[in-house]
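Using my numbering, read the sequence shown as starting at -4 and increasing by one per residue.
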Amino acid sequence: MAVVYLERDGQQFGPFSIEQAQRYILEGRFGAQDLGWIDGMQEWLSVAQIPQLQTAALAPATSALNTNKAYAAAPSMPPSPAPYAAPSYPGQPSPGPQSSSPQYPGPQYPGFAAAQHFSQSDYAGFWRRAAALMIDSFIVTVVVYFLLFVLLLLFRIMGAAGMTGINANYAPSYAIVIATVAFPALLTICYFALWNASANMATPGKMAAGLVVVNVQAQRISLAQGFLREFVKLIGTWFFFLTFVTQPISARRQAIHDFASATVVLRQRPDAGMPSILVWLINLCWVAAVLMLIVLVLVFQL
-4 MAVVYLERDG QQFGPFSIEQ AQRYILEGRF GAQDLGWIDG MQEWLSVAQI PQLQTAALAP
56 ATSALNTNKA YAAAPSMPPS PAPYAAPSYP GQPSPGPQSS SPQYPGPQYP GFAAAQHFSQ
116 SDYAGFWRRA AALMIDSFIV TVVVYFLLFV LLLLFRIMGA AGMTGINANY APSYAIVIAT
176 VAFPALLTIC YFALWNASAN MATPGKMAAG LVVVNVQAQR ISLAQGFLRE FVKLIGTWFF
236 FLTFVTQPIS ARRQAIHDFA SATVVLRQRP DAGMPSILVW LINLCWVAAV LMLIVLVLVF
296 QL
């Protein structure tokens, strides 16, 4: 179903169906010179220029409903837009308004309302985010260890060939800091930041969980926000995962790295992503692994 947005006096209304928009135009709530936008359009046009709305735009001149000029001069306010009607998958950003109304910035994604208008269920919960993080962590770990193996092998080959100036047997030790700390950290930050700032607005794990990362205006985040978010998250993770302590209790379900980068994590829609049973299964696996690791540490210390 096509989605229609209408603008009057610098204020946007919608989303409407085509039938609803036609009815509001016939009732005189919107005029032929007001702006409109329908899925697939490249720019905002006046209502009279949009084929699906032209008939309704011309009809008020002869409509009995609009013979009352006082009513037409002061149309009643259309219904408020739905607080959250996200598309199943974020599409291309809607075009900005015409220069005739420069004071109206327009949303980047018509399906998203301002973040402060979301209901509590629109924000991603702790366990769904945790499941998405486990999926991403698995992907990053596989990639890191593969590249780590290649890096260490390269150092050993270079050492054997005398290119590093040290003995080949000590080549792995020469790269130990880079291989175990700096390289994995940099790769992890780049993975999360680049995916979250991409057109997908989510990492593969978040896409599987039906989540998107947006700014507080519910728009795609910048690359700088993405890197800031992941840097703070990495630092907080090193300190006993403290960056996540605010996520279950904050109003918008924001972790410390979300606050630092002015971002929120949203559900694309209530039924988006993996089913809840799979979310709990993934979380059960990592919680069990952590508990087992704690037990092993305690046993060996004793």
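Ideal Cβ positions, reconstructed from N, Cα and C, are used throughout, including at glycine.
Predicted model only: the values in this text are computed from it and were never measured.
{"query": "Nearest neighbour of L40, chosen from V259, I244, Q28 [CA to CA]", "result": "Q28"}
{"query": "Distance between A284 and C185 (C-alpha atoms, nearest Å)", "result": "26 Å"}
{"query": "Distance between beta carbons of I20 and V(-1), contact taken as under 8 Å", "result": "Rounded, the Cβ-Cβ distance is 10 Å, inconsistent with contact."}
{"query": "C-alpha gap between V42 and L30, whole angstroms", "result": "6 Å"}
{"query": "Pair within 9 Å by beta-carbon distance, W190 and A197", "result": "yes"}
{"query": "Sufficient close CB pairs (3 or more, under 8 Å) joining the segment 116 to 130 to the segment 212 to 229", "result": "no"}
{"query": "Pair within 9 Å by beta-carbon distance, G120 and R224", "result": "no"}
{"query": "Nearest-angstrom Cα separation, counted from V282 out to F239", "result": "15 Å"}
{"query": "Residues sharing a beta bridge with N210, DSSP", "result": "T258"}
{"query": "W32 (DSSP reduced to helix, strand or coil)", "result": "strand"}
{"query": "L147 versus I134, F178, W122, residue with shortest Cα-Cα distance", "result": "F178"}
{"query": "As assigned by DSSP and simplified to three states, the class of E14", "result": "helix"}
{"query": "Close beta carbons around Q47, own chain, < 7 Å, minus the five adjacent residues each side", "result": "I13, I33"}
{"query": "For G23 and D117, the rounded distance between their alpha carbons", "result": "34 Å"}
{"query": "Three-state secondary structure assigned by DSSP to V145", "result": "helix"}
{"query": "Where the beta strand (DSSP E) through R3 begins and ends", "result": "-1 to 3"}
{"query": "Assigned exposure category for A188 - 16 Cβ within 10 Å defines buried", "result": "buried"}
{"query": "Inter-residue CB distance, G221 and A192 (contact presumed, cutoff 8 Å)", "result": "4 Å"}
{"query": "G9 - DSSP class collapsed to helix/strand/coil", "result": "strand"}
{"query": "C-beta contact flag for G205 and S132 at 9 Å", "result": "no"}
{"query": "Given F141 as reference, the closest of T175, D266, R124 once Cα atoms are compared", "result": "T175"}
{"query": "Candidates P243, F150, V259, G5, of which the one nearest V208 by Cα", "result": "V259"}
{"query": "Burial state of R235, where buried means 16 or more other Cβ atoms lie within 10 Å", "result": "Note that residue 235 is Phe in the sequence shown, not Arg. Classification of F235: exposed, given that the 10 Å Cβ count is below 16."}
{"query": "Beta-carbon separation (whole angstroms), V227 vs A255, contact threshold 8 Å", "result": "4 Å"}
{"query": "Closest by C-alpha distance to R264, when choosing among R3, G26, A203", "result": "A203"}
{"query": "Burial state of R262, where buried means 16 or more other Cβ atoms lie within 10 Å", "result": "buried"}
{"query": "DSSP state of S217 mapped onto helix, strand, coil", "result": "coil"}
{"query": "Pair within 9 Å by beta-carbon distance, V138 and L182", "result": "yes"}
{"query": "Span separating the alpha-carbon of T241 from that of F144", "result": "36 Å"}
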